[in-house]
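Following: one structure in structure tokens, then a few remarks.
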């Protein structure tokens, strides 16, 4: 895609002055002014490098981490549900909002799907589809509260997370359903055999498919362009003819739906549901999105970064657990990584200390006398 | 109350009657009394001295955390790390008291020290590295809960020395029917209120919350104000942890984080009339909000509502409170 087409489409969408286009372009999902061979920026490259280093490092030092490709891939079953939530949550954070209700949404959707299956004997896949639909509806409720009642996203989703959580406990009852059919459990813990010794977990297929879909949606569609514009400046978006509310509703609905998909995958992984099983998702998922380079203020970031951050954090955590570190030490490290990575990013960021620009300026200054003479 | 400061900063005019804020405190007080009255009429046990005492005591820990949170939110920040700080302080003091008989006075000092150091760390990260507060405190949330885990090493606090229990449940003065924690809370509230309402630092907090760029250009030490506010929030969270330890006589690894006290404290501050967008903090409202929450939760027990609906009640309460005024985005946004 090139710049002029995008500018033209923005201008076609409504009145828009040059300054707005300029601002949007410098914070767009994909770099606007430069053509690249790979659709990745410096941040994504750094994440990719770290990911390779983590896998190689653990592979060499920790026996059992990289014994076989299948073994390595099987590890992803422990963290890909987080990644599924991260995909949806990214959309919301792109708009400058936040969705604290993802954990409760995941629990509620999974619990409802399981109850429909167990109480009425509905086919498990149909029940799952209903669960995802319910996740979307819960997301729509979030958007409705935010837009119609004009409540800050943080507060609105905080309140709805309490409400959804209660509903999940109420619907789950004293003995929540468990023991789903094997075909469904495969979604969480099963693997597809390719050849004699290669096992590809179904979770990876699901995540890869949805990640590709979301990447196309954010980086290669008009919707993604609008999403980021809304996040960068809702005001500017409104003046350029974007239906801001419609974009917001879509983002929250997708976030809710993805949370419920994650809830269902967790249900399949454990072959059981619990009304509090989604609670662990929230903080780690926000960490993944932010580590992926998405600005918490919205309007900035790449989905590819989020996908890489999911893999990086996930493999790091699993590697440390296999190496014998306790769960809590890995959690501490996750927190430290979050802070350090954002600090480093800020050092180079145009909104931060602009270290990159300063260094470049330093070079220019030292070179320019030579050019002048 | 503090809306006076905010409005005078905003408009530069003469200090007006704090209409809106007083309204919020009045609404909360009336709502609390209404719930007490109605439930008391239905079930006379609700009005018993023991129950009212329980309601008061129950709100103290959350109030202490929420007072710090109020200051942070008034400065347009947010502090998620209060929950693990509460747990850390409770665990450290509890284990030392259990094994070495740490005197209560030293425990208080220890709490203040822990809160000061770790709160200042939050503040420094927010102020100097320009990382959004929600990200910083999300990171330190993991860090501090990890510290609790490492320090406890799988153990937990089952009992505390009698001085602790007396501090958490007893009466300081025989002639005053208020339990010690409630008195402590009132003192802390008075201190915070004076700080926010009557000092230059308090005005700086509101100015930074209102518009940090303007505050900077007006010559305020924005970074330093930020660091100090997060330090105060840390100290109050740790002190609340000690209070939790003394009140319940126990501490586990998940104290604070398990109850999501960070979310509750934000909720209570917002219910009390503090603006999430910063520039307005209502400390009295925060304490009343916490008391209201305690009354409602206890009332639900008396009305035989299943416990599973309690947190839904909290959610509805937040939305209702935000609807009635503050926390709304301005129409322009």
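Protein chains in written order, with my numbering: chain S, -10 to 362; chain F, 32 to 364. Heads up, the beta-carbon is just placed ideally off N, CA and C, and yes, glycines get one too.
When Cβ-Cβ separations below 9 angstroms define contact, residue 346 of chain F makes contact with chain S.
Per the DSSP secondary-structure output, residue 188 of chain S pairs in a beta bridge with S:182. Taking a Cβ-Cβ threshold of 7 angstroms, the residues of chain S close to residue 165 of chain F are 285, in chain order.
A direct Cα-to-Cα measurement between residue 278 of chain F and residue 297 of chain F gives close to 22 angstroms. A direct Cα-to-Cα measurement between residue 150 of chain F and residue 258 of chain F gives close to 8 angstroms. Below the 8 angstroms Cβ cutoff, chain S contributes 324, 328 as neighbours of residue 171 of chain F, in chain order. Here residue 140 of chain S carries a strand assignment [DSSP, helix/strand/coil]. For residue 142 of chain F against residue 270 of chain F, the beta-carbon gap comes to about 5 angstroms, under 8 angstroms, which counts as contact. Closest option to residue 317 of chain F, judged by alpha-carbon separation, among F:101, F:82, F:68, F:83: F:101. When C-alpha distances from residue 236 of chain S are compared across S:217, S:248, S:267, the shortest belongs to S:217. Per the C-alpha coordinates, the member of F:54, F:251, F:234, F:69 positioned closest to residue 331 of chain F is F:69. For the options S:164, S:273, S:124, the alpha carbon positioned closest to that of residue 68 of chain S is the one of S:273. When the five nearest sequence neighbours on each side are left out, the beta carbons in the same chain lying within less than 8 angstroms of the beta carbon of residue 236 of chain F are those of 102, 105, 106, 227, 256, 260, 312, in order along the chain. Counting along the chain, residue 286 of chain F sits inside no alpha helix (DSSP H), nor does DSSP assign it H or E at all. Three or more beta-carbon pairs separated by less than 8 angstroms link the segment 185 to 197 of chain F to the segment 280 to 293 of chain F, which places the two stretches in contact.
Residues of chain F with a Cβ closer than 9 angstroms to the Cβ of residue 186 of chain S do not exist, since the nearest Cβ in that chain sits about 37 angstroms away. For the set S:56, S:184, S:61, S:256, the Cα lying nearest the Cα of residue 166 of chain S is the one of S:256. Note on geometry: alpha-carbon atoms of residue 284 of chain S and residue 173 of chain F lie some 20 angstroms from one another. The beta carbon of residue 335 of chain S sits closer than 9 angstroms to some beta carbon of chain F. Closest option to residue 175 of chain F, judged by alpha-carbon separation, among F:201, F:126, F:114: F:114. Close CB contacts of residue 242 of chain F within its chain, under the 8 angstroms cut and outside five residues either way in sequence, are with 310 (chain order). Residue-level contact by beta carbon holds for residue 154 of chain S and chain F, with a gap shorter than 9 angstroms.
Taking 9 angstroms as the threshold, the shortest C-beta distance from residue 236 of chain S to chain F does not fall below it. Secondary structure of residue 210 of chain F (DSSP, three-state): strand. Judged by DSSP in its simplified three-state form, residue 61 of chain F adopts helix.
By the C-beta density criterion, residue 230 of chain F is exposed, having fewer than 16 other C-beta atoms within 10 angstroms. Residue 170 of chain F is not a Cβ neighbour of residue 292 of chain S, given a cutoff of 9 angstroms.
With respect to residue 135 of chain F, residue 194 of chain F sits close: the two C-beta atoms are nearer than 9 angstroms. Under DSSP, the beta-bridge partners assigned to residue 188 of chain F are F:282. For residue 149 of chain S, the C-beta contacts it makes with chain F under 9 angstroms involve 346, 350, in order along the chain. At a cut-off of 9 angstroms between C-beta atoms, residue 123 of chain F does not count as an interface residue with respect to chain S. Residue 202 of chain F sits in a strand when the DSSP states are folded into three classes. As DSSP reads the structure, residue 261 of chain S sits in a beta bridge with S:167.
Taken through DSSP and simplified to helix, strand or coil, residue 33 of chain S comes out as helix. Where residue 82 of chain F is concerned, the enclosing alpha helix (DSSP H) starts and stops at 80 to 105. Close CB contacts of residue 155 of chain F within its chain, under the 7 angstroms cut and outside five residues either way in sequence, are with 258 (chain order).
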